[in-house]
Amino acid sequence: MIDTTKSDTPFIDIRHAAKSFGALEVLKDISLTVERGQIVAIIGPSGSGKSTLLRAINELDPLSSGEVWLEGVQINKKLPYRQYEKHVNQVRQDIGMVFQHFNLFPHLNVRDNITLAPKMLKGLSTAAANKLAEEQLAHVGLSEKIDVFPSRLSGGQKQRVAIARALAMKPKVMLFDEATSALDPELVEEVNLVMKQLAEEHMTMIIVTHEMDFAASVCDRVLFMDQGVVVEEGPPEVIFQNPKEERTKNFLRKHLSR
Amino acid sequence: MGLDFTVVPEYFGILFLGMGWTIAITIGAGLLSFFGGIVFAVIALYGHWVIRLPFRLLAWLFMGTPLLLQLFLIYFGLIEVGIDLPAFIAGVIGLGLHFAVYNSELIQASILAVDKGQYEGARTLGLSRGQTLRRIVIPQAVRAVIPPMGNNMIALLKDSALVSVIGVAELTLAAQQAISRTYRPFEFYIAAAACYYVINLCLEAGLRRLERRIAASR
Numbered sequence: 006m007i008d009t010t011k012s013d014t015p016f017i018d019i020r021h022a023a024k025s026f027g028a029l030e031v032l033k034d035i036s037l038t039v040e041r042g043q044i045v046a047i048i049g050p051s052g053s054g055k056s057t058l059l060r061a062i063n064e065l066d067p068l069s070s071g072e073v074w075l076e077g078v079q080i081n082k083k084l085p086y087r088q089y090e091k092h093v094n095q096v097r098q099d100i101g102m103v104f105q106h107f108n109l110f111p112h113l114n115v116r117d118n119i120t121l122a123p124k125m126l127k128g129l130s131t132a133a134a135n136k137l138a139e140e141q142l143a144h145v146g147l148s149e150k151i152d153v154f155p156s157r158l159s160g161g162q163k164q165r166v167a168i169a170r171a172l173a174m175k176p177k178v179m180l181f182d183e184a185t186s187a188l189d190p191e192l193v194e195e196v197n198l199v200m201k202q203l204a205e206e207h208m209t210m211i212i213v214t215h216e217m218d219f220a221a222s223v224c225d226r227v228l229f230m231d232q233g234v235v236v237e238e239g240p241p242e243v244i245f246q247n248p249k250e251e252r253t254k255n256f257l258r259k260h261l262s263r
Numbered sequence: 004m005g006l007d008f009t010v011v012p013e014y015f016g017i018l019f020l021g022m023g024w025t026i027a028i029t030i031g032a033g034l035l036s037f038f039g040g041i042v043f044a045v046i047a048l049y050g051h052w053v054i055r056l057p058f059r060l061l062a063w064l065f066m067g068t069p070l071l072l073q074l075f076l077i078y079f080g081l082i083e084v085g086i087d088l089p090a091f092i093a094g095v096i097g098l099g100l101h102f103a104v105y106n107s108e109l110i111q112a113s114i115l116a117v118d119k120g121q122y123e124g125a126r127t128l129g130l131s132r133g134q135t136l137r138r139i140v141i142p143q144a145v146r147a148v149i150p151p152m153g154n155n156m157i158a159l160l161k162d163s164a165l166v167s168v169i170g171v172a173e174l175t176l177a178a179q180q181a182i183s184r185t186y187r188p189f190e191f192y193i194a195a196a197a198c199y200y201v202i203n204l205c206l207e208a209g210l211r212r213l214e215r216r217i218a219a220s221r
């Protein structure tokens, strides 16, 4: 067995990740580690593979080759179908994900959106799950919306509920896939605030984003991806103010000169 | 000879009994077509081909041939292989499976119409494929499918008249029995039509209520 308490085991370890759709190589041999509590932003032009890399971490888009490890457990283990499904369903409980389009369940009210998975997968009683939903909603500042259906919420509120839903599973890491890209500009801030709060609580986060200001102010590390490779990475002040690579400079010129 | 509706009240008993059977068949076949439709749709979309193929053939049989023939086959034909069903049961099975196939087509379309993000949202929380289907995809598909499926139920009610030919004493057969005693076809067929209309009104009112309740929860 692998000793998960060993400190030299990286929290998240991506080894030689590669993925292609037919002839198109979306990810080309990416290796990357993330420490517990670290907040990593992935930036880059569309089609650079940043979302694919994020979605490989929880097996939504399985890699063609390479390995993904979380706390000494290989997520993309090669297993017979049934065992693989069981394994993946188990590890996904530890990996929260927030999507661009929220993906709240429209036929369930906010409470049921949050309590569904803890009740089904962790065997929480209705009372315990409801209490959990109240806590998580208070956390994102939406306590009064507990009985409301998603269709009655604004985009920013929907995304905050989606974050609360993911947090209710007590994940070890949170993945954000362009969480604010579908929002009206005036609603972006409320979601950013919730994410900042999570950062202060030392949640490990990997954030695919187009918002350079947010990446600069919240993240410990920034990865710039282009054409399936990590072109450059470093602390935000280095990447944003002093990038070495020409491609990074070009990209940032377009995105910072607004 | 003029029309004389005064003979009708004397046969209310027979007609009401017939109405009762019509309602019973419609409910029985309706439930079978609803749950059968869900099962067929899930098999068609997610089943292994070994199971999917025979169901595909069954679906083709039920969609491609007349309902009347299917009823004959189930009631008279199955006796030859040792399955002797009571007429009522044969009628419920025949009508129910026939409409289950149509409902299955509607359900398949509405399941495929559920946004892929719903599936991903559920799976990333750790729900299995089956759990995602049961708790997330199917409930949404069912909501979308209720209005068109309601139309199928109304068609089912009207087609239930066909089971009169295998001897179920439902409304149409009850009217015929009254006619054979009174020689008053026009009056009794009109009376039966009125009865169908009343059941239909109730069914439609029920469906509208259901649709409103679903609309409220979205």
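Chains as they are written, first to last, in the numbering used here: chain A, 6 to 263; chain B, 4 to 221. Note that beta-carbon positions come from the ideal geometry of N, C-alpha and C, so glycine has one too.
To which residues does DSSP link A/ALA169 through a beta bridge?
-> A/ALA169 is not bridged to any residue.
Could you please give the first and the last residue of the uninterrupted alpha helix (DSSP H) stretch that includes A/LYS124?
-> A/LYS124 -> alpha helix (DSSP H) spans 115-127.
Enumerate, from N- to C-terminal direction, the unbroken alpha helix (DSSP H) stretches of 4 or more residues contained entirely within the segment 33-78 of chain A.
-> Complete alpha helix (DSSP H) runs here, min 4: 55-62.
Sorted by chain position, which residues of the same chain lie with C-beta nearer than 7 Å to A/MET6's C-beta, five sequence neighbours on each side aside?
-> Low local confidence applies: a pLDDT of 46 at A/MET6 is under 50, so the model's placement there is unreliable, with the coordinate-based value given in what follows. Hits under 7 Å: none found.
Of all Cβ atoms in chain A, is any one closer than 9 Å to the Cβ of B/LEU130?
-> Closer than 9 Å: yes.
Less than 8 Å between the CB atoms is what I'm expecting for A/THR14 and A/GLY77, so what's the real figure, rounded?
-> Yes, A/THR14 and A/GLY77 are in contact; Cβ-Cβ is about 5 Å, under 8 Å.
In angstroms with no decimal places, state the Cα-to-Cα distance between B/PHE65 and B/TYR78.
-> Looking at the two C-alpha atoms, the distance is approximately 15 Å.
Ignore the nearest five residues each way along the sequence and tell me which others in B/GLN111's own chain have a CB closer than 7 Å to its CB.
-> The residues are ALA44, ALA47 and LEU48.
Look at the Cβ atom of B/ALA32, then the Cβ atom of B/GLY94, and state whether they are nearer than 9 Å.
-> Remark: C-beta atoms of B/ALA32 and B/GLY94 approach each other more closely than 9 Å.
Listed from N- to C-terminal order along the chain, which residues in the segment 103-125 of chain B have their beta-carbon within a distance smaller than 7 Å of any beta-carbon of chain A?
-> Taking 7 Å as the Cβ-Cβ cut-off against chain A, the residues of the segment 103-125 of chain B that qualify are GLY120, GLN121, GLU123 and GLY124.
Which class does A/ARG263 belong to by DSSP, given the choice of helix, strand or coil?
-> Reliability fails at A/ARG263, whose pLDDT of 49 lies under 50, so the model's placement of it is uncertain and the value that follows must be treated cautiously. A/ARG263 falls in the coil class under three-state DSSP.
Proximity winner among A/LEU261, A/HIS260 and A/GLU237, relative to A/GLU251 (alpha-carbon distances) = Closest by alpha carbon: A/GLU237.
Out of B/ALA197, B/LYS119, B/GLY209 and B/ALA194, point me to the one whose CA is closest to B/MET152's CA.
-> Ranking B/ALA197, B/LYS119, B/GLY209 and B/ALA194 by Cα distance to B/MET152 puts B/GLY209 first.
Using a Cβ-Cβ distance under 9 Å, would B/PRO142 count as near chain A?
-> Output row for B/PRO142: interface = yes.
Can you give me, in chain order, the residues of the segment 110-137 of chain A that have a beta carbon less than 7 Å from any beta carbon in chain B?
-> Those would be PHE110, PRO111, HIS112, LEU121, ALA122, MET125 and LEU126, in chain order.
Using a Cβ cut-off of 9 Å (strictly closer), state whether A/ILE17 contacts chain B.
-> It does not; no Cβ of chain B falls within 9 Å.
Determine the direct distance from the alpha carbon of A/THR57 to that of A/CYS232, and round the result to whole angstroms.
-> One detail in the question is off: residue 232 of chain A reads as Gln in this sequence, not Cys. Between the C-alpha atoms of A/GLN232 and A/THR57 there is a straight-line separation of about 12 Å.
Taking just the CA atoms, how far does B/LEU136 sit from B/LEU115?
-> Rounded to whole angstroms, the separation of the alpha carbons of B/LEU136 and B/LEU115 is 11 Å.
Roughly how many whole angstroms lie between the Cα atoms of A/ASP8 and A/ASN247?
-> In this prediction, A/ASP8 scores a pLDDT of 49, lower than 50, which makes its location untrustworthy; no coordinate-derived value is stated.
Determine the direct distance from the alpha carbon of A/PRO176 to that of A/PRO111, and round the result to whole angstroms.
-> When only Cα atoms are considered, A/PRO111 and A/PRO176 end up about 23 Å apart.
Meets three-Cβ-pair contact criterion under 8 Å: the segment 55-70 of chain A and the segment 81-101 of chain A | Yes, the segment 55-70 of chain A touches the segment 81-101 of chain A.
What do you reckon, are the CB atoms on A/ASN108 and B/GLY67 nearer than 9 Å?
-> The answer is no: Cβ separation not under 9 Å.
Can you tell me the Cα-Cα spacing of B/ILE96 and B/ALA172, whole angstroms?
-> The C-alpha of B/ALA172 is placed about 16 Å away from the C-alpha of B/ILE96.
Which runs of the beta strand (DSSP E) fall wholly inside the segment 107-185 of chain B and span at least 3 residues, in chain order?
-> Listed in chain order, there is nothing to give.
Delimiting residues of the beta strand (DSSP E) encompassing A/ASP182 | Judged by DSSP secondary structure, A/ASP182 falls within the beta strand (DSSP E) whose first and last residues are 178-182.
Tell me, please, whether the CB atom of A/ARG20 is closer than 9 Å to any CB atom in chain B?
-> Chain B contact via Cβ: absent.
Run through DSSP, which three-state label would A/ASP18 get?
-> Looking at A/ASP18 - three-state DSSP - the assignment turns out to be strand.
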